[in-house]
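Chemist:
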Amino acid sequence: MTEHGAAPDWARWRAQDADGAIWVFEAEPLEHEQRRWVAVRRHPQRGWYENEVGRRLRLGQGAPNPDWRLTLVRLGA
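In structure tokens, the structure reads:
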């Protein structure tokens, strides 16, 4: 995962979705994997969500990442 933008002071976690979107979160995010139907094809959506707790901010877009589950990191301490 590459750096795309400066994380705000409130950000405590950073992660990348399978599609390459890079996010920061105030609270530890949860994994999600959904399937939605578009036209006749099924497109999986895999990534992270804040579970309606705390803030989130999209920092940028990287390349799609099949190892997205390994990208969650705690920022600072």
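According to our numbering, the sequence shown is numbered sequentially starting from 1. Even glycine gets a Cβ: it sits at the ideal position worked out from N, Cα and C.
1. Can you list, in chain order, the residues of its chain with a C-beta nearer than 6 Å to that of residue 51? Leave out the 5 residues immediately preceding and following it.
2. Quick one: give me the first and last residue of the beta strand (DSSP E) that residue 53 is part of.
3. Please list the terminal residues of the continuous beta strand (DSSP E) segment that includes residue 21.
4. Looking at the secondary structure, which residues open and close the beta strand (DSSP E) in which residue 13 lies?
5. Please report the Cβ distance between residue 20 and residue 64, rounded to the nearest whole angstrom; I am assuming they are in contact, meaning their Cβ atoms lie under 8 Å.
6. Assuming the contact rule is C-beta atoms closer than 8 Å, residue 101 and residue 68 should be a hit. Round their C-beta distance to whole Å, please.
Modeler: If we stick to the structure as given:
1. The residue given as residue 51 occupies position 51 in the sequence shown. Excluding residues within five positions, the ones whose Cβ falls inside 6 Å are 30.
2. By one-based count along the sequence shown, residue 53 stands at place 53. It is not in any beta strand (DSSP E) - residue 53 carries neither H nor E in the DSSP assignment.
3. Locating residue 21 in the sequence shown gives position 21, where the first residue counts as 1. Here the beta strand (DSSP E) through residue 21 covers 21-25.
4. The count along the sequence shown starts at 1 and reaches residue 13 at position 13. It spans 13-16 - the beta strand (DSSP E) in which residue 13 sits, taken as one unbroken run.
5. Sequence index remark: in the sequence shown, residue 20 carries index 20 (1-based). Sequence index remark: in the sequence shown, residue 64 carries index 64 (1-based). About 5 Å separates the Cβ atoms of residue 20 and residue 64, confirming a contact at the 8 Å cut-off.
6. Because the chain in this structure spans residues 1 to 77, residue 101 falls outside the shown range and cannot be described.
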